[in-house]
Amino acid sequence: MTINDKTTGITTSSPPPNALQLTLLIHCLICSTDMASSSPHGIKLAVHLLSAYFGDIVSKVGECLLNKGTLSLAQVIRFTELTKQKVTNSLLVLIQHNCVQAFAIQQPGGFGEPPKIVTQYMALHNNIIHHMRFPKFLSMLPSDFDEDCKKIIEGLLQHGRLSLNQVRDRHKGKHKALVTSEGNGNATNMLHENFNRLAQARFIERCPAHEPFLERPEEGAKKRVAKSKLADVTQTLEARALAAAAPMESQRFLVEADTWSNGALDDDSKKSPTKEVVGEKRKQDSLEPETETWATNKNKEVLWRVNFEEFVLRLRHKSCVSHVTTRVDSAAGIVLSAIFAASRKDETKVKAENTVPLLLQTIFDEAMNSEEGRSLTIERVRASLVQLGCELPTIGIDETYSVDLKKIIDQAQAQEVESIVLKKYGREAYRIFRLLSERERFFETDKISATTFVEKKDALKILFQLWKDDLLHMERIGNESQKTEILLWKLNKRSVWEQVLDDMYHAALNLKLRILYEFEQAKDPEKQAMLVKKWKVLEASLMILDDAIMLFHDF
Amino acid sequence: MSESQIRKRPDHILGNVLVEADKAVLNVINTRGKSAISRRNIQQETKLPMNIVAKCVKKLTDLLLIKEIKHGRIYHYIATENSPSNTVTGGGCYPDDKKEFINQVKDICLKIVKELKVTTADGVYNVFIKEHKLTKVELSRQQISEILGVMVLENLIIEVKSTGYGEYRSVPVGDVCYRCHEGNVNHGSDVGAMSSIPCGVCPRIRECTPDGLVSPSACVYFTKWLEF
């Protein structure tokens, strides 16, 4: 695609848009907050996961929501061409597993008809992708949480959302052989204690409201502007729905004592006509009206789920520490780890750009708590903080430090992309790419060639190759009178990073499909031994690749 | 011959030899100083016909008043007493086997940086040239600085600004200095999750679909990768 500006003589060139770019563009235009962040292959991977975990019908409904955005039940039925029963069942499964969020909005009626309330369903792409991370999440549970805590998390991951009593029933079922009347009481108390601990550590949270009601967007926007005098009208309907559904921060991790009664709720649950056996998918015959009957629990029991945010936050910390240990040294890793441990309670945002400011003494004390940190002196801790990019305060009293986490994440992302360029295009291309990545401005071919010590002919070849693969942006500056043309090159980080993320989703999907293929091939007994080896390599690669996906998408 | 050793011809002698056109061309070249000028640009500035400019340039070159420098495929002209700037010559000269030579210099620079832990470009230059004279080819301060820049781009060393604290105390605060990676950095080679799997470097990734001609199940790169 070429755009000629005759007045300035500048010609802007970019490779013809491919299908991926067009799809990305369309998605950005039509999709919601959660969706906008997902790439075409991100959606394909999510659909594959839905199909693998919940079957083809559920995945078809999920795919429809992921591709078309927020829809009503009638629209989903029309687009998927499935029966109403199948669609409603699929939506129930998806809501149960936190893959879909419902919300109600008021829509204007037809001629002479009053406005009506319509339930809308939005797919939660991030939560769907989290399903392939469950083993990783389980391994992230700190060692001071025992096997019983792990079982609670396991149950919640397996069933999506459960009430306290359902957790207890599940626990009873697992320990049937051991249960005596006295032991039962102790076991219940232990379970309660563990549940409380998990909630306090934010590993589990109360589920969001199943169907919050949203005001019409225009009204809501007007009110906000009038109230705060700040234009926040850009917030999408889906973002508003998520915000409205989220429980209050004071209640989010609150385990109420009265919801945990040993016998009372047993009786209630017996009375309930829709008592479920945990582990079986819930089915309901009648689904009308949606808002009433889709309430997940008729006893108004509080439903709990795993707090993915906390696990993502801890994985982010782990990734930062690992990057710093490799990039700087182990002492810097220990210090950063200590900072995270000391500021755990104050850190609520997953994508915080900086760590919570802490006193040097606090960081030092926390480092001393770990075995590896005991050999550090306060001077060494200070030096590590400087290595981590902290500036030394001019006045030595109450030295507080805050580490720039965004910089660490940016470096890790750049390193990932650079390693792809190095392996795919060679060392000279790696130099050129790093030059353009670090400076982020237009460079002339001659300048690139001179700075990177790559012959101009070779440099031009590499630059064109990178441009063809959408890794660079090129502009031609022409002088018609002199018949000369200068080529300018620039790296547009944002679009390249988005593309790399899409490729990563694509690669993850390919690994998943290859695993399935290898399993099919290994029906022959002779190939069984080989299968284990291949499976290990593929699964390990998928886990490492998923870390990289999180680095680009969740951190 | 150094610039100070070149003797200027007295103007009154030149006045008899040079015609108006020659003087105009010489004037344009002199005003350019260290940056050379092409015939086309001389013609544009003097508004003389091209054949006259060509004659003048030849005459001035014969009289050793100007000298020609090949810049790309075009000849540029500069006053004899001036030496061309780096933008004209492309910087300092390297031997014919430039790549090999630069690689050797890089290895030496890396050793120096490792030894000094934290150093500036001047620090490397001093060790390289003044103390050890490590190569037969004379390298300028600028060239050493450029080579260090390439080493930074190759991730062999890192460029940091001195904090004046700890190991940076020998370097003034804010000065650009170089040091080696302290951690286990593999110079960006095998660290990437994506680059360690076939799809990460696959030239056909855009054409790859589950049921297409290029697919994960029929992928030759995957098959090769999973051969044990």
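In order, the protein sequence lines correspond to chains L and B. For the first sequence, position 111 (counting from the first letter as 1) is numbered 116 according to this note's numbering, and the numbering increases by one without interruption. For the second sequence, position 18 (counting from the first letter as 1) is numbered 3 according to this note's numbering, and the numbering increases by one without interruption. Don't be surprised by glycine CBs; every beta carbon is placed ideally from N, CA and C.
Chain-order list of chain L residues neighbouring Gly151(B): Ala388 and Val391, by C-beta distance under 8 Å. Straight through space, the alpha carbons of Val66(L) and Gly114(L) are spaced by roughly 27 Å.
Near chain B, meaning a CB-to-CB distance below 7 Å, no residue of the region 304 to 319 of chain L qualifies. When Cβ-Cβ separations below 8 Å define contact, Ile110(L) makes no contact with chain B. Against chain B, the beta carbon of Ala512(L) has neighbours under 7 Å at Met179, Ile182, Cys184 and Gly185, listed in chain order. Among the CB atoms of chain L, none fall inside 8 Å of the CB of Pro34(B). Proximity of Asn515(L) to chain B, defined by a Cβ-Cβ separation below 8 Å, is satisfied. Distance from Cys193(B) to Val199(B) at the Cβ level is roughly 5 Å; contact confirmed, criterion being Cβ atoms closer than 8 Å.
Using a C-beta cut-off of 8 Å, the region 463 to 483 of chain L makes no contact with the region 149 to 167 of chain B, since fewer than three inter-stretch Cβ pairs fall below that distance. Against chain B, a Cβ distance below 8 Å from Lys528(L) picks out nothing, because the smallest value is about 15 Å. Taking 8 Å as the cut-off, the beta carbon of Cys154(L) is found no closer than this to the beta carbon of Arg310(L). Counting the other CB atoms within 10 Å of its CB gives Lys99(B) a total below 16, which places it among the exposed residues. Collapsing the DSSP output to three states places Gly338(L) in a helix. Distances from the alpha-carbon of Gln125(L) to those of Pro119(L), Val105(L), Asn132(L) and Leu143(L) put Val105(L) closest. Interface criterion met: the Cβ of Phe458(L) is under 8 Å from a Cβ in chain B. C-alpha of Ser375(L) to C-alpha of Ala343(L): approximately 8 Å in a straight line. Here Gln416(L) really is in contact with His328(L); their C-beta atoms are around 7 Å apart, less than 8 Å.
The Cβ atoms of Thr450(L) and Leu492(L) sit closer than 8 Å to each other. The beta carbons of Ala128(L) and Leu71(L) sit about 5 Å from each other, so the pair counts as a contact at 8 Å. Cβ contact annotation for Ala248(L) (same chain, cutoff 6 Å, sequence separation greater than five): none.
The beta-carbon of Glu139(B) is placed less than 8 Å from the nearest beta-carbon of chain L. Contact note: Ala347(L) does not reach chain B at a C-beta cutoff of 8 Å; the least C-beta distance is about 23 Å. Just so you know, the alpha carbons of Val112(B) and Arg432(L) end up roughly 28 Å apart. Contact note: Cys165(B) does not reach chain L at a C-beta cutoff of 7 Å; the least C-beta distance is about 11 Å. Val205(B) counts as exposed, since fewer than 16 other C-beta atoms from the protein chains shown sit within 10 angstroms of its C-beta. When the beta-carbon positions are compared, Ala513(L) and Leu50(L) come within less than 8 Å of each other.
The beta carbon of Phe560(L) is closer than 6 Å to those of Arg321 and Ile414 in its chain, skipping five residues each way along the sequence. For Thr16(B), the closest alpha carbon among the candidates Val145(B), Ile51(B), Leu138(B) and Lys96(B) is that of Ile51(B). For Leu492(L), the beta-bridge partners assigned by DSSP are Arg481(L).
Three or more Cβ pairs drawn from the region 405 to 412 of chain L and the region 357 to 366 of chain L lie within less than 8 Å of each other, which places the two stretches in contact.
Rounded to the nearest angstrom, the gap between the Cα atoms of Lys473(L) and Lys466(L) is 11 Å.
Inter-residue distance for Gln533(L) and His215(L) is about 46 Å (C-alpha atoms, whole angstroms). Around the beta carbon of Gly74(L), 16 or more other beta carbons lie within 10 angstroms, which makes this residue buried. For Arg166(L), the enclosing beta strand (DSSP E) has its first and last residue at Arg166 to Ser168.
Taken in chain order, the complete alpha helix (DSSP H) segments of 4 residues or longer contained in the region 82 to 108 of chain L are 89 to 101.
For Gln112(L), DSSP records a beta bridge to Lys121(L).
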